[in-house]
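Number of protein chains: 2
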Amino acid sequence: MKKKHSISASMEDYLEAIFFAVTRRGAAQAKDIAESLNVKAGTVTGALQNLQKAGYINYAPYQLITLTEEGMKRASSIAHKHQVLKNFFTDILGIGQDIADKAACRVEHNVGDELVDRLVCFTEMIQSESTDLIEKFKQEYDNIVA
Amino acid sequence: MKKKHSISASMEDYLEAIFFAVTRRGAAQAKDIAESLNVKAGTVTGALQNLQKAGYINYAPYQLITLTEEGMKRASSIAHKHQVLKNFFTDILGIGQDIADKAACRVEHNVGDELVDRLVCFTEMIQSESTDLIEKFKQEYDNIVA
DNA sequence: AAAAAAAGTTAGACTAGCCTTACATTATTA
DNA sequence: TAATAATGTAAGGCTAGTCTAACTTTTTTT
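Line by line, the protein sequences are chains A and B.
Using the numbering used here, count along the first sequence one by one with no gaps and you end on 157.
Using the numbering used here, count along the second sequence one by one with no gaps and you end on 157.
Printed below as a string of structure tokens:
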């Protein structure tokens with residue numbers, strides 16, 4: 012069990028944004044991060060310095076940003092949580108993409124590994140064996156709302 | 012649709028703590044709040060002043076604290092979210108009480124009404140019609156973990 | 001009813017995370 | 001290649017939420 016450097020929800024968001032940039036383009040730039048988090052450039056610099064101190068990113072002023080091995084693990088875990096939550100929200104609960112995504116964004120920093128593992132398993136099980144139940148639920152819910 | 016005064020996750024925690032005290036004893040005292048939120052007395056005073064300004068509590072220095080009508084609505088909603096989440100975590104996902112409660116505490120500030128309504132409906136439906144599915148899931152999950 | 005204890009408040013300090021403005025570096029393009 | 005544009009950094013300021021320490025008010029005890 013490796014000890015995680017403790018970082019805030021905010022810093023997790025930066026890490027996740029970097030992860031997506033790295034995944035798509037090989038490296039991240041401050042500009043992209045600022046855009047995707049709706050934050051000003053100056054704020055990003057500070058965050059990058061934090062994440063570097065925590066050992067999660069390779070950062071030097073004016074250089075492209077990449078993830079360390081630790082950073083990659085941590086960021087994948089966050090992105091994974093996001094995806095699992097979003098899937099549950101959309102595919103099982105029938106929430107719209109946008110709301111589901113925003114909720115996942117906020118919730119992902121607040122649930123532990125066990126909960127996520129269980130949610131993955133649960134979601135998969137329902138999807139593979141109880142599609143009728145999902146349908147039934149959607150109708151039931153629509154009834155209630157109507 | 013009444014406009015909610017916007018308060019932070021932190022202030023929601025104070026409001027919820029006050030709600031529990033009020034429910035159990037008719038009124039809240041700063042001391043209880045400090046204890047239940049693991050915060051020092053001085054910090055509570057500031058929070059109470061905030062919540063009063065937002066119109067959620069009846070507060071005067073050295074007096075007992077109660078909820079306004081608005082505060083009661085808002086606090087019940089938070090407590091409800093907490094309960095719904097916790098139930099889902101424990102009864103459906105099979106998470107232990109402690110972890111479930113802590114997760115609910117953190118997640119409750121980050122999910123909207125629609126999501127919670129859907130989760131209530133979903134949880135109830137499964138509990139009333141698919142107890143076998145819950146059982147099956149627990150076994151499946153235990154297999155995976157083992 | 002006076003003293004002691006408990007509870008609550010105030011003021012000042014600290015941190016994290018944000019912003020803005022001015023400046024520095026790097027990249028583009030004329 | 002020199003000027004311009006784009007990107008990035010640094011410094012200083014702001015707010016929310018926390019703490020501590022000193023003080024006030026209320027409650028309890030003797």
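Here a beta-carbon is modelled for each residue, glycine too, at the ideal position from N, C-alpha and C.
Examine chain A for any beta-carbon lying closer than 8 Å to the beta-carbon of residue i, and answer yes or no.
i      : result
B/Y70  : no
B/E125 : yes
B/V95  : no
B/M22  : no
B/N121 : yes
B/E146 : no
B/F30  : no
B/I155 : yes
B/A114 : yes
B/D35  : Reading off the sequence shown, one finds Arg at residue 35 of chain B, where the question assumed Asp. No, its Cβ sits nowhere closer than 8 Å to a Cβ of chain A.
B/Y73  : no
Shorter than 8 Å from the beta carbon of residue i to some beta carbon of chain B?
i      : result
A/L26  : no
A/V118 : yes
A/N49  : no
A/I106 : yes
A/M136 : yes
A/S141 : yes
Going by beta-carbon coordinates alone, are residue i and residue j separated by less than 8 Å?
i      : j      : result
B/A38  : B/I76  : yes
B/G105 : B/Y152 : yes
B/G66  : B/H16  : yes
B/E27  : B/A111 : no
A/Y25  : A/L62  : yes
A/A41  : A/V55  : yes
A/A52  : A/M22  : no
In or out: residue i buried (at least 16 other Cβ within 10 Å) or exposed?
i      : result
A/V127 : buried
A/K64  : exposed
A/R35  : exposed
A/V122 : buried
Taking residue i as the reference, give the member of the options with the closest Cα.
i      : options                        : result
A/M12  : A/H91, A/E81, A/L26            : A/E81
B/E140 : B/N154, B/I103, B/D109, B/D124 : B/I103
B/F30  : B/E125, B/A157, B/K84          : B/K84
B/R129 : A/T142, A/D109, A/V156         : A/V156
B/D124 : B/H93, B/T142, B/I18, B/Q138   : B/H93
A/Q60  : A/V95, A/V33, A/Q150, A/I18    : A/I18
Touching or not, the stretch 91 to 106 of chain B and the stretch 130 to 146 of chain B, by the rule of three or more beta carbon pairs under 8 Å?
yes
Please confirm if the stretch 138 to 148 of chain B is in contact with the stretch 44 to 55 of chain B, defined as three or more CB-CB distances below 8 Å between the two stretches.
no
Count the CB pairs spanning the stretch 67 to 75 of chain B and the stretch 115 to 125 of chain B that are closer than 8 Å, and state whether there are at least three.
no
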